[in-house]
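Undergrad: All the letters of the sequence shown, read from the start, carry residue numbers 1 to 204 under full-length UniProt numbering.
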Amino acid sequence: MTSRISERFPLRTEEPQTTGVPRAWLTAVVAVGAVAVLYTAQAHVPKNVLTLPGQQQVAGGVHAVAPQGWAFFTKSPRDPELVPYRYAGTSWKTVSMGPHSRPSNAFGLDRASRSQGIEMALLLNEAPELKWTECEDHPDVETCLESITSASADGPARIRNRSPEPTLCGTVAIVQAEPVPWAWRDLMDATHTPGRAAVWEVTC
């Protein structure tokens with residue numbers, strides 16, 4: 001009895017069983033997915049030269065289905081950046097742990113570099129009277145920071161770093177760096193120019 005059942009319904013087969021999928025079906029699925037992604041992207045990006053058929057009619061539905069877009073995950077490349085510096089006895093050195101994707105940060109897996117931004121925000125909040133000094137008249141960051149420290153007779157203001165794992169201690173500066181416009185990329189060596197800066201004596 002068992003042998004008869006095994007003959008009719010074999011428990012194992014010598015060759016793997018496969019099912020063929022018509023290429024037309026696969027092409028149709030890929031095409032529909034590509035069109036959906038294209039319309040979703042076009043609904044969220046600013047106005048441009050590309051216009052899809054029925055784009056205005058489906059825009060409301062796209063925003064209802066995918067209201068978040070990509071703006072949540074990105075920021076404008078023209079926004080200024082806060083860059084930390086520390087006075088190393090004879091000169092100013094950047095102590096930024098970014099960018100987050102570099103090998104020392106395990107290509108973004110190590111989140112320690114992210115915490116430095118929070119640390120800088122705590123220092124800015126800790127300063128009793130936040131005083132920014134413009135750096136427009138100075139050719140580079142080092143010259144700007146040296147002029148700030150030499151202009152103060154009493155030295156930099158003293159604040160406390162309340163971060164549980166501080167990376168900014170001693171004579172510290174936070175520089176608001178402005179990105180160089182793309183049209184000027186061939187006129188300047190640096191990617192950012194100093195906009196303004198604040199200097200403190202930080203106790204950890």
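For each residue, glycine too, the CB sits at the ideal point set by N, CA and C. Just so you know, these numbers come straight off a predicted model, no measurement behind them.
Please report how far the alpha carbon of residue 63 lies from the alpha carbon of residue 80, in whole angstroms.
TA: Rounded to the nearest angstrom, the two C-alpha atoms are 29 Å apart.
Undergrad: Taking the beta strand (DSSP E) that residue 192 belongs to, which residues open and close that run?
TA: Where residue 192 is concerned, the enclosing beta strand (DSSP E) stretches over 192 to 203.
Undergrad: Based on DSSP bridge pairs, tell me the residues matched to residue 82.
TA: DSSP lists 176 as partners of residue 82.
Undergrad: Using the Cα positions of residue 94 and residue 141, report the straight-line distance between them to the nearest angstrom.
TA: Going by the C-alpha atoms only, they are around 10 Å apart.
Undergrad: Express the C-alpha separation of residue 28 and residue 97 in angstroms, rounding to a whole number.
TA: In a straight line, the C-alpha of residue 97 is about 47 Å away from that of residue 28.
Undergrad: How would you call residue 167, buried or exposed, if buried means at least 16 neighbouring beta carbons within 10 angstroms?
TA: It counts as buried.
Undergrad: Here's the rule: buried if 16 or more other CB atoms are within 10 angstroms of the residue's CB, otherwise exposed. What is residue 161?
TA: Counting Cβ neighbours within 10 Å, residue 161 comes out buried, since at least 16 surround it.
Undergrad: Taking Cβ positions, are residue 174 and residue 198 nearer each other than 9 Å?
TA: Going by C-beta atoms, residue 174 is nearer than 9 Å to residue 198.
Undergrad: To test your reading of the DSSP string, which unbroken alpha helix (DSSP H) runs of 4 or more residues are found completely within the region 74 to 136?
TA: As far as the region 74 to 136 is concerned, its whole alpha helix (DSSP H) runs of at least 4 residues are 112 to 126.
Undergrad: Considering just the uninterrupted stretch of the alpha helix (DSSP H) at residue 23, what are its terminal residues?
TA: Residues 23 to 44.
Undergrad: I'd like the span of the beta strand (DSSP E) that includes residue 157, first residue to last.
TA: Segment 157 to 160, the beta strand (DSSP E) holding residue 157.
Undergrad: Consult DSSP for residue 18 and reduce its assignment to one of helix, strand or coil.
TA: Correct three-state label for residue 18: coil.
Undergrad: On the three-state DSSP scale, how would you describe residue 60?
TA: The answer is helix: DSSP assigns residue 60 an H, G or I state.
Undergrad: Could you check whether the region 44 to 64 touches the region 172 to 188, counting it as contact only if at least three pairs of C-beta atoms, one from each stretch, sit closer than 8 Å?
TA: Judged by Cβ distances under 8 Å, the region 44 to 64 makes no contact with the region 172 to 188, as fewer than three pairs qualify.
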